[in-house]
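Data block below; observations after.
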Amino acid sequence: MSRPANLLVLMSDEHQARAMGCAGHPIVQTPHLDALAARGTRFTNAYTPCPICVPARAAFATGRYVHQTRLWDNAMPYTGAIPGWGHALQAAGVPVESIGKLHYRAKEDPAGFDVEHIPMMVAGGTGMVWASIRREDERVLADGRMLGDYIGPGTSKYTEYDQDVTARSMDWLGNRKPDDGPWCLYVGLVAPHFPLVCPEAFYDLYPTKDLPEVKLHPNQGYHRHPWVERQNAHGDNEAKFRDADERLRAMAAYYGLCSWLDHNVGQILGALDAAGLGGETNVVYTSDHGDNLGARGLWGKSNLYQESVAIPMIAAGPDWPTATCTTPVSLLDLSVEICAAFSTPLDSAEGIKPLRAIAASDPDPERVIFSEYHAVGSVSGAFMVRQGRWKYHHYVGFLPELFDLEADPEELHDLAADPAHAKTLSRMEALLRSVCDPKATDAQAFADQDAMIAGYGGREAALKLGARGATPPPS
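In this note's numbering, the protein residues as written are 927 to 1401.
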């Protein structure tokens, strides 16, 4: 029996699914990701289990939904207490290491890696405890601007960190020999996550005069859903731009960071080939969630629209055909794929399948995909179910939303109040309730967050814990 191929998992942060040339974006330049997709399988309907970093990454680590891990927000990082794919590989004797961003609790935790190289963890080992105060009459609105004080060309701590992660990854691969495998290496890059500061050569690829218009902007008469309005009010980055030109620079910087990310991916894949390992290594590229990038006057992530909740997913290598897979998939399917690549099982959420098994089967457009949000800014839990053409958003205490992605891929028209779609709305809610009870899940999230805050000494103590914006990288 031949040995398994090596596995290289590349995860970026906040990369909108459509912001790649291979995804048909009209201006974004991602030649290395495009080349990876051209020789592998691109999943065109991939989703995050949660549109914010820490709970999404905990879900990915374990193959379980956020309501199963009960790691609800950016103050509840993964500790390794719930066994995940890394532990499964360790138990099977597969060398497994990480380089770069994890956004777990601490390097000392047994999180499933033999070695963690320059890991980026939550600030102070606690994360954003202050943002776990979510009730509308209790929470404190964010001070400053999450996107960063300066926006435009230049370098930031994040771009410097990505340089270090890329260099460390290239060195790691350069020191491998063909007979060292099979191994699994996870690489966590930060771009295109804010701050929106981009190396000048990549920023210059996107002149502000050429940028596309954003859709559904409030200054054009669009009214945000009440739940989304409250969530956005926690930070409201759109209102904090100094002028219209700075807003355009923010878009240019984000697109530039996508190309900067692509450049780093290209360097890592070049090192893989230079080491003679390209032919015996499967590569998967993905991101933890997307970014709204000004649509609906929203920036960052933290909602259930496609810009925020859809993610890129590309797999290539000796075990992957050149294909496009339209069956909807989740980041959790990648969790079990990592284990399946080494013939190792993972105790995951019901219905989760290895990506290769999904890609090898007939297209299944009716496959149900689920995501949820209980984190910063949200005054109640939000839940998404997609099945086929229909995408349903359930907000505890608020009216739902329903979109027909086949007729309306940009989610311009909410059909939830249309009597003609009442049966579809009811069916989608029933699908949600087959995954979890939204009201009970919402209550559990608040109870767990209340208990955490009490454990830190109460509200006043909690307000002092955690980064006020983007998590600082390791020094």
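Quick reminder that beta carbons are idealized off the backbone N, C-alpha and C, glycines included.
Since this is a predicted model, take the numbers as computed values, not measurements.
Separation of ALA1369 and ASP1363 (C-alpha to C-alpha, rounded to the nearest whole angstrom) is 10 Å. In the structure shown, VAL1154 falls within a helical segment according to DSSP collapsed to helix, strand and coil. Going by C-alpha positions, HIS1151 is about 47 Å away from TRP1098.
Under the 8 Å Cβ criterion, the segment 1094–1108 does not count as touching the segment 1153–1169, having fewer than three qualifying pairs. According to DSSP, residue pairing for GLY1078 in a beta bridge involves VAL1123.
The Cβ neighbour count for PRO1003, taken over all protein chains shown within 10 Å, is at least 16; the residue is labelled buried.
In this structure, the beta-carbon distance from LEU1198 to GLY1192 does not fall below 8 Å.
For CYS1110, the uninterrupted beta strand (DSSP E) run begins and ends at 1110–1118, by DSSP.
Under the three-state reduction of DSSP output, LYS1227 falls in the coil class, being neither helix nor strand. In the three-state DSSP reduction, SER1234 falls in the helix class (H, G or I).
Setting aside the 5 residues that flank it on each side, LEU1338 is surrounded in the same chain by LYS1141 and LEU1142, each with a C-beta closer than 8 Å to its C-beta; the list follows chain order. ALA1093 and LEU1137 do not touch by the CB rule: their CB atoms are close to 31 Å apart, not below 8 Å. Rounded to the nearest whole angstrom, the CA to CA distance from ASP1374 to GLU1276 is 23 Å. Taking all protein chains shown into account, ASP1171 has fewer than 16 neighbouring C-beta atoms within 10 Å of its C-beta and is therefore exposed. Note that the C-beta distance between ALA1049 and ALA1393 is below 8 Å. Between ARG1353 and the set VAL1311, GLY1182 and GLU1336, the nearest pair of CA atoms involves VAL1311. In this structure THR974 does not touch CYS1184 by the C-beta definition: roughly 17 Å separates them, more than the 8 Å allowed. Here SER1228 is not near PRO981, since their CB atoms are 8 Å or more apart. Note on HIS1215: 16 or more other CB atoms within 10 angstroms of its CB, so buried under the neighbour-count rule. A straight line joining the alpha-carbon of PHE1329 with that of ALA1221 spans about 16 Å. In chain order, LEU934, VAL935, LEU936, MET937, SER1024, ILE1025, GLY1026, VAL1091, SER1095 and ILE1194 place their CB closer than 8 Å to the CB of VAL1113, counting only its own chain and leaving out the 5 sequence neighbours on each side. The Cβ-Cβ distance between ASP1259 and ILE1240 does not fall below 8 Å. In the three-state DSSP reduction, CYS1251 falls in the strand class (E or B).
Nearest in C-alpha terms to ALA1285, of all of LEU1272, SER1306, GLU1263 and GLN1232, is GLU1263. For TRP1316, the enclosing beta strand (DSSP E) stretches over residues 1316–1321. The segment 1248–1306 contains, as complete beta strand (DSSP E) runs of 3+ residues, the segments 1249–1251 and 1295–1299 (chain order).
For ARG1061, the number of other beta carbons within 10 angstroms of its own is below 16, and it is reported as exposed.
About 5 Å separates the CB atoms of MET1054 and ALA1001; that is less than 8 Å, so the two are in contact.
Contact between VAL1322 and SER1297 is ruled out by a C-beta separation of about 15 Å, above the 8 Å threshold.
In the three-state DSSP reduction, ALA1032 falls in the coil class, being neither helix nor strand.
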